[in-house]
Amino acid sequence: MVTRVWDYMPEYEQEREDIHDAVETVFRSGQLVLGNSVRGFEEEFSAYHGVEHTIGVDNGTNALVLGLRALGVGPGDEVITVSNTAAPTVIAIDQIGATPVFVDVHEDDYLMNVGQVEAKITDKTKVLLPVHLYGQCVDMAPLQAIADKHGIPILEDCAQAHAARHHGKIAGTMGKAAAFSFYPTKVLGAYGDGGATITSDEETAANLRRLRYYGMEKTYYVVSTPGHNARLDELHAEILRRKLTRLDQYAQGRRDVAQRYLEGLGDTDLVLPKVNEGNEHVYYVYVVRHPKRDAIIEALKAYDIHLNISYPWPVHRQSGFHKLGYEEGSLPVTEKLAKEIFSLPMYPSLPVGTQEKVIAAVREVLATV
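Residue numbers (UniProt numbering): 1 to 369.
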């Protein structure tokens, strides 16, 4: 049997009855778009985070796009972020005609090097966009100090950090707004695409609601600001409502998997994830490092273990972003990590026996590469 980094089937088997009931609830509701399930999920997601507003949208990319637009970012503006991230972070900036400006990351935790941010600020900088990558938060206090000093809002990318905490604060509550993805692999995942942007700022929330509904506000036919059709589906919202009640359980399950990896691989030369002081990691993916990464991944295929790399190509070196002018070596830590990092299987319903098989295989391969 092939082992991969993620598999939704064990979780589905555990939750099948509740998921089917969610589907039945929506189909019998008489309203399939922006009905009670979306409203209920938005209220419950807001309550979980202790914020005033959640605006459900159709995917995590649009959660970022609408978040940026709601904060006033447009063509010719600049947004400071990182290249060690999933491409949608940067695609969202590009989609609205703004320019991504990259800072490097730390080698030990793979997160934004906040110490490089202030030097990148210009009069065109409109938003700081930290990515809470792989399941733990960026060091937000110094970033917020920079944001306050220059009067620049922070939009948190929380696609990989549902339920993660930083000095007691939950991811998504430390900036002016935050964007989430509910892609199926996420810590809180739907059974298809979904996303949300959260905020406690009334004006930002009003902008977001208009933008996700064509730019319309009071009536279907009147557009105040051209927007998108970016509504969260009722079906996904109802499933997410059910799964939200289990979010802390999912996070703890991932921590349990991470602890077993630590116990099984902590004495090898594989570099395991570092958890920063004050952070509660949720291990969206379990990213490790080794200079012989490619040989290890190839050797594990003989054990029917197929692993992923998050991410093998830094965004600034991808052909679609050559226009930004970043040469090889411009973000040295990001580029080094891209050659060494890879992900071990990680999801809360990962069977213990399967994980033990992975640990044993990795140990055998490390002894031979």
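Ideal Cβ placement from N, Cα and C applies to all residues, glycine included. The structure displayed is predicted, hence computed values, not measured ones.
Under 7 Å Cβ to Cβ from Asn62, same chain only, skipping five residues before and after it: list those, please. Here the question's residue 62 lines up with position 62 in the sequence shown. Closer than 7 Å at the Cβ level, and outside the excluded window around Asn62, lie Gly195, His228, Ala230.
Going by DSSP, what residues sit across from Leu3 in a beta bridge? Walking along the sequence shown from the start, residue 3 turns up at place 3. The residue you asked about is not Leu; residue 3 is Thr in the sequence shown. In the DSSP output, where bridge partners are listed per residue, Thr3 has Ile305.
Start-end ranges of the beta strand (DSSP E) lying completely within the region 268–327, minimum 3 residues: 286–289
Enumerate in chain order the residues of its own chain whose CB-to-CB distance from Ala338 is below 7 Å, with the five nearest sequence positions on each side excluded. The count along the sequence shown starts at 1 and reaches residue 338 at position 338. For Ala338, where only same-chain residues beyond five positions count, the Cβ hits under 7 Å are Tyr311, Pro312, Trp313, Pro314.
Evaluate contact between the region 158–170 and the region 20–38, counting only Cβ atoms and requiring at least three cross-stretch pairs below 8 Å. no
Buried or exposed: Arg16, going by 16 or more other Cβ atoms within 10 Å of its Cβ? As a first step, residue 16 must be located in the sequence shown, where it is residue number 16. Arg16 should be labelled exposed.
Please state if the CB of His53 and the CB of Ile198 are separated by a distance shorter than 8 Å. Start at 1 with the first residue of the sequence shown, and residue 198 comes out as number 198. Start at 1 with the first residue of the sequence shown, and residue 53 comes out as number 53. Contact: yes.
Can you tell me which of the three DSSP states Phe166 falls into? Position 166 of the sequence shown holds residue 166. Checking the sequence, you will find His at residue 166 rather than Phe. It is a strand residue.
Where does Ser343 fall in DSSP's three states? As a working mapping, residue 343 is identified with position 343 in the sequence shown. Ser343: strand per DSSP, three-state reduction.
Which of helix, strand or coil does DSSP assign to Asn207? As a first step, residue 207 is located in the sequence shown; it is residue number 207 there, counting from the start. The answer is helix: DSSP assigns Asn207 an H, G or I state.
Quick check on the burial criterion: 16 or more other C-beta atoms within 10 angstroms. Buried or exposed for Ala70? The sequence position of residue 70 within the sequence shown is 70, counting from 1. So Ala70 counts as buried.
For Val103, is the classification buried or exposed, using 16 other Cβ atoms within 10 angstroms of its Cβ as the cut-off for buried? Start at 1 with the first residue of the sequence shown, and residue 103 comes out as number 103. The residue is buried, with at least 16 neighbouring Cβ atoms inside 10 Å.
List the residues that DSSP assigns as beta-bridge partners of Gly195. Mapped onto the sequence shown, residue 195 falls at position 195. Answer is Val57, Ser181, bridged to Gly195.
In angstroms with no decimal places, state the Cα-to-Cα distance between Gly115 and Glu107. Taking the sequence shown and counting its residues from 1, one reaches residue 115 at position 115. Taking the sequence shown and counting its residues from 1, one reaches residue 107 at position 107. Roughly 13 Å separates the two Cα atoms.
Please determine if the region 249–258 and the region 342–362 are in contact, where contact requires at least 3 C-beta pairs separated by less than 8 Å. yes
Inter-stretch contact (C-beta, 8 Å, three-pair minimum) for the region 203–212 and the region 44–59: yes
Reducing DSSP to helix, strand and coil, say where Leu111 ends up. Position 111 of the sequence shown, counted from the first residue, corresponds to residue 111. Note: Leu111 maps to coil in three-state DSSP.
The alpha helix (DSSP H) with Val333 in it runs from where to where? Walking along the sequence shown from the start, residue 333 turns up at place 333. Per DSSP, Val333 belongs to the alpha helix (DSSP H) from 332–338.
Quick one: what's Met216 bridged to in DSSP? Here residue 216 is taken as the residue at index 216 of the sequence shown, counted from 1. Looking at the DSSP assignment, Met216 forms a beta bridge with Val223.
Between which two residues does the alpha helix (DSSP H) holding Ile91 run? For the purposes of this step, residue 91 is identified with residue 91 of the sequence shown, where counting begins at 1. Ile91 -> alpha helix (DSSP H) spans 87–95.
Suppose the cutoff is 6 Å on Cβ atoms and the five residues either side in sequence are ignored; what does the same chain contact list for Arg293 look like? Position 293 of the sequence shown, counted from the start, is the residue given in the question as residue 293. Closer than 6 Å at the Cβ level, and outside the excluded window around Arg293, lie Glu340, Phe342.
Please state whether DSSP places Asp157 in a helix, a strand or coil. As a first step, residue 157 is located in the sequence shown; it is residue number 157 there, counting from the start. Looking at Asp157 - three-state DSSP - the assignment turns out to be strand.
Distance between beta carbons of Tyr286 and Ala258, contact taken as under 8 Å: Counted from its first residue, the sequence shown places residue 258 at position 258. Counted from its first residue, the sequence shown places residue 286 at position 286. About 6 Å; that satisfies the 8 Å criterion.
Can you tell me whether DSSP reads Asn36 as helix, strand or coil? Working through the sequence shown from its first residue, we reach residue 36 at position 36. Three-state DSSP puts Asn36 in a helix.
Quick one: what's got a C-beta closer than 6 Å to Thr85's C-beta in the same chain, skipping five residues either side? Residue numbering aside, residue 85 sits at position 85 when the sequence shown is read from its first letter. Closer than 6 Å at the Cβ level, and outside the excluded window around Thr85, lie Val131.
Under 8 Å, with one C-beta from each stretch per pair, do the region 233–251 and the region 79–97 reach the 3-pair mark? no
With distance defined between alpha-carbon atoms, name the residue in Gly278, Glu356, Asp233 nearest to Gly35. As a first step, residue 35 is located in the sequence shown; it is residue number 35 there, counting from the start. Considering only alpha carbons, the answer is Asp233.
Please determine, among Thr334, Glu238, Ser319, the residue with the shortest C-alpha to C-alpha distance to Arg28. In the sequence shown, residue 28 corresponds to position 28, counting from 1. The option with the nearest alpha carbon to Arg28 is Glu238.
How big is the Cα-Cα spacing for Pro10 and Val223? Working through the sequence shown from its first residue, we reach residue 10 at position 10. Working through the sequence shown from its first residue, we reach residue 223 at position 223. The alpha-carbon atoms of Pro10 and Val223 are separated by roughly 45 Å.
Determine the DSSP secondary structure at Asn62, reduced to helix, strand or coil. Start at 1 with the first residue of the sequence shown, and residue 62 comes out as number 62. Asn62: helix per DSSP, three-state reduction.
If you draw a straight line from the C-alpha of Lys176 to the C-alpha of Glu156, how long is it? Taking the first residue of the sequence shown as 1, we reach residue 176 at position 176. Taking the first residue of the sequence shown as 1, we reach residue 156 at position 156. The alpha-carbon atoms of Lys176 and Glu156 are separated by roughly 8 Å.
Could you tell me the distance, in whole angstroms, from the CA atom of Val333 to the CA atom of Thr25? The count along the sequence shown starts at 1 and reaches residue 333 at position 333. The count along the sequence shown starts at 1 and reaches residue 25 at position 25. In a straight line, the C-alpha of Val333 is about 49 Å away from that of Thr25.
Would you call the CB atoms of Ile152 and Thr125 closer than 8 Å? Counted from its first residue, the sequence shown places residue 152 at position 152. Counted from its first residue, the sequence shown places residue 125 at position 125. Yes; because the gap between Cβ atoms is below 8 Å, this pair is in contact.
Buried versus exposed, by CB contacts within 10 Å (16 or more), Thr3: The count along the sequence shown starts at 1 and reaches residue 3 at position 3. Thr3 comes out buried.
Alpha carbons only, please: which of Lys336, Glu44, Arg363, Val57 is nearest the one belonging to Asp193? To locate residue 193, count along the sequence shown from 1; it is residue 193. Ranking the options by Cα distance to Asp193, first place goes to Val57.
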